Each structure stands twice: as C-alpha cells, then as structure tokens.
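Please read the structure below before turning to the comments.
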Amino acid sequence: MGDTLDRRIWHFAKNGRYSVKSGYWAALEYKRLEELSVGSLAGPSSPSLKLWKHLWKLKVPQKILHLLWRLAHNLLPSKEMLFRRRVTQETSCFRCAAVSESTLHALVGCDVSMQVWEALDFPSEFLLLNLNDAGFWVDAAWDLIPPVKQSLFAFTVWVLWNERNGVLFGFQPTPPGILVQRAKDYDDEFTRSLVVNHRSLSSPIHDVKWHPPTDGFFKLNVDGAADLATGDRGAGVIVRDSQGNLVGALAMRAPSRISVLATELYALKNGISFALDASLVPLVIESDSLLAVNMVNCDEECLAAKGGLVDGVRRLLNNHVIVSVSHISRHANKAAHRIACFSLRDQSLSCWLDEGPLWLMDAVYDDRSETSVSG
Ligand SMILES: [Zn+2]
Numbered sequence: 046m047g048d049t050l051d052r053r054i055w056h057f058a059k060n061g062r063y064s065v066k067s068g069y070w071a072a073l074e075y076k077r078l079e080e081l082s083v084g085s086l087a088g089p090s091s092p093s094l095k096l097w098k099h100l101w102k103l104k105v106p107q108k109i110l111h112l113l114w115r116l117a118h119n120l121l122p123s124k125e126m127l128f129r130r131r132v133t134q135e136t137s138c139f140r141c142a143a144v145s146e147s148t149l150h151a152l153v154g155c156d157v158s159m160q161v162w163e164a165l166d167f168p169s170e171f172l173l174l175n176l177n178d179a180g181f182w183v184d185a186a187w188d189l190i191p192p193v194k195q196s197l198f199a200f201t202v203w204v205l206w207n208e209r210n211g212v213l214f215g216f217q218p219t220p221p222g223i224l225v226q227r228a229k230d231y232d233d234e235f236t237r238s239l240v241v242n243h244r245s246l247s248s249p250i251h252d253v254k255w256h257p258p259t260d261g262f263f264k265l266n267v268d269g270a271a272d273l274a275t276g277d278r279g280a281g282v283i284v285r286d287s288q289g290n291l292v293g294a295l296a297m298r299a300p301s302r303i304s305v306l307a308t309e310l311y312a313l314k315n316g317i318s319f320a321l322d323a324s325l326v327p328l329v330i331e332s333d334s335l336l337a338v339n340m341v342n343c344d345e346e347c348l349a350a351k352g353g354l355v356d357g358v359r360r361l362l363n364n365h366v367i368v369s370v371s372h373i374s375r376h377a378n379k380a381a382h383r384i385a386c387f388s389l390r391d392q393s394l395s396c397w398l399d400e401g402p403l404w405l406m407d408a409v410y411d412d413r414s415e416t417s418v419s420g
C-alpha cells in the first residue's frame, strides 16, 4: 500500500499533473497509513484529511482548489522551498527583505499580504497563527473563518500568490488596495456566475437573456457552427464590457469536418487566446455547449479524441485573469452564434474592434437593451 501512495505523490510532482479526485484519495490513504502505523483508529485526524473535507465542498474554480491543495501540502515554490531543493542559494524575501520567504511569509506574513487580509476584515487571530506549517495554517484558519467568507479566503490566497509571482517575474508591485478589490471582485463575479448557472440549470425555463459582466470585467461569448452539406466549420467570438458594448469580435474557420463538440472547444480556445492577446481581462466566459463547459471545468484527464483541445483550453484557463467558464442558454448567446454563422459564409478571418458590422450590432443592441430594461 505504501508503494501505491509513494508512486502517486511522485507522479504529481514529476508531471505537475494533478486531479482533485486523486488528491482526495491520496489524502485518505495517507490518513489510513498514519492510523495503521500509530496502531490506533482513535487518534487525531490528519490535518490534510480534515482540510480536504472542507475544500471539497468549496464552490470555487478548480484552479483555485488546486492552489489551496498545493499550499496545504507545502508544494508552492517559495524561496525557502527552492533553497531546500538547492535551486536557490538564499531564502530572503525579495519584497520586504525579511530573512526567509516561506510560503506563508509570502501569503500572510509579508507586509502587503498582511495589509490585504486586514483590509478584508479576516479575524486577526488568523494572522497570528503559527506560520511554520502551511497545512496546519490553512486548517486552523478555516476554523476561524465564517462560512460566508470561505470563498473570499480562497480567492485572496489566489490573488496574493499571483501578485507574489508577478513581482518575482519583474512586474511592478500592486498597491494593497487594488489587491483587496481584485479579490472581492473575483469572489463576487464567480458567486454571481454560480447563481446564474444554477438558475438556468434548475429551472425548466432557461434564462434567455445575456447579462453584461460586473464593472471592470469583460465577458467572452463563443459559439461554433457547422455546415452539414459542405463539412465546413466556423467559430464565433465576441467580447463585451460591463456596459454591453462590443470591444472585440472574431470570426474564423475551424478545421473542416471536426465534430460539433470539437468545434465548440475550438471556438472556446481561440476566443480565450483572442481576449488574452487583446488584454481584454479580467474575463468571464460563456458558451452554450454544456458538454464543452463541463469538459474544460473538470479536472480529470481527458481521454477522448478532443483531449488535446481540452488540455489547450485548460492551460489557458490557468491564467489568473480568467474567472470562470459557464454554460448559458443558446438564446443568450445570439451574438456569438451570428458571428459563427458568418464565418461559414466568409472564408477569411475577420476581426472587429469597438465597432462591428450591422448584422452583428443588431444582436449586440438587443442584448444591451434587454438587460437595461430588466435592470
Ligand atoms: Zn516579505
């Protein structure tokens, strides 16, 4: 049994691959081994297992669960950790010159991080906890955080770790106030997309309206189209701001005769690249293909023929400026649908910025007026 566990952990580390479910099972196995070796089933439960039970229920994007899991298992590459692995010669924090940059120093102890947690009104005990072991810290912190703030906790860890990496890679440090707002916005926007999704999945009447994103965010809608007679496939991509204005759109051919699902995934992948290239971020994403959305949101290895496309989309989704990928009704995806159909008529790649052609602006105005009427 010990063999199995070793192999699995080695497998994560070696490939950088990770699946939430296998992480969960590794935690369970670890707990069982620990109990067997102690010879008692009544001992204190392992922090990683207890923690994992909490995290499992948390409604945040997979990439953020993944980060928390790596944090709790001390797998984040802080300078201290790289020093231990002999990747670096010294451990001092490159932001505040503290003696040692442990993972928890970066996320909690460093001045900027401390200010962000305080501004977000997290319990102060939480900042005074022993900062030696990330697993114990997350676990103990969890007991102090009110349930309504758990997802904000997760998004804050995400924002702070990205900020730390940004500075390490040469970006200007972001003022704490902006980091605070970023964590709040991500949390609000994601929670809102869950509500919208839940409503559209649980109610027999789908939400037929398109909704603009929150202030400061962009929304990407994508769609695929197929001409069954010719075998042609096309992708439609549109990005709008919080006023519902078009900021960018793209019509392009997809490879001929690929499946409908592959066309949807192709549209998703090219749409995300387009938005990232044009810096239309932070970004929330919508597609009317439930299957495509589920495939890219799930963490399991994809063995289907579309595996390469799915992996390609997931790699793009790892970018911290992407908040969510949600499913919407086809009626709420009219603008992207029109562009996809246009791409079947027009061979060349077309791109519009700020102002689109008339046949498209119709749909854009429609979406905008529907949302302003409904408030
Ligand atoms: Zn520091």
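Residue numbers (this note's numbering): 46 to 420.
Each residue gets a CB set at the ideal place from its N, CA and C atoms; glycine is no exception.
This one's a predicted model, so the numbers in the text were calculated from it and none came from an experiment.
Item	Value
Any heavy atom of ligand 1 closer than 7 angstroms to the Cβ of Glu415?	no
Could you please go through the chain and list the residues whose beta-carbon is closer than 5 angstroms to any non-hydrogen atom of ligand 1?	Cys138, Arg140, Cys141, Ala143 and Cys155
If you check the beta carbons only, do Val282 and Asn315 fall under 8 angstroms apart?	yes
Our contact map puts Leu405 next to Ala312 with C-beta atoms below 8 angstroms; I'd like the distance itself, whole angstroms only.	About 16 angstroms; that fails the 8 angstroms criterion.
Once the 5 residues before and after Leu335 are set aside, which same chain residues still bring their CB inside 6 angstroms of it?	His372
Who are Ile367's beta bridge partners in DSSP?	Leu328
What distance in whole Å lies between the Cβ atoms of Phe198 and Glu234, which are believed to be in contact at a cut-off of 8 angstroms?	With a Cβ gap of about 16 angstroms, Glu234 and Phe198 do not count as contacting.
Quick one: measure Cβ to Cβ for Gly276 and Ser301, integer angstroms, because I've assumed they're closer than 8 angstroms.	5 angstroms
How should Ser427 be labelled, buried or exposed, when 16 other C-beta atoms within 10 angstroms of its C-beta is the threshold for buried?	Outside the shown range of the chain, which is 46 to 420, sits residue 427, and nothing can be said about it.
Mind checking Pro258: buried by the 16 CB within 10 Å criterion, or exposed?	buried
Evaluate Tyr410 with the Cβ neighbour count: other Cβ atoms within 10 Å of its Cβ, from every protein chain shown; 16 or more gives buried, anything less gives exposed.	exposed
Could you check if Asn290 is buried or exposed, using at least 16 other CB atoms within 10 Å of its CB as the buried criterion?	exposed
For Thr49, which three-state DSSP category applies?	Unreliable placement is indicated for Thr49, whose pLDDT of 37 sits below 50; no coordinate value is reported for it.
On the DSSP letters alone, give me the boundaries of the beta strand (DSSP E) that Cys23 sits inside.	In this structure the chain extends from 46 to 420, so residue 23 is not present and cannot be described.
With distance defined between alpha-carbon atoms, name the residue in Ala274, Ala323 and Glu309 nearest to Arg285.	Ala323
Spell out the partners DSSP gives Phe263 in its beta bridges.	Leu328
Below 8 angstroms, can you find three or more Cβ-Cβ pairs linking the stretch 130 to 138 to the stretch 361 to 376?	no
Drop a sphere of 10 angstroms on the beta-carbon of Asn363, count the other beta-carbons inside from all chains shown, and report buried for 16 or more, exposed for fewer.	exposed
Give me the Cβ distance between Lys254 and Glu415, rounded to the nearest whole Å; I'm assuming they're in contact under 8 angstroms.	5 angstroms
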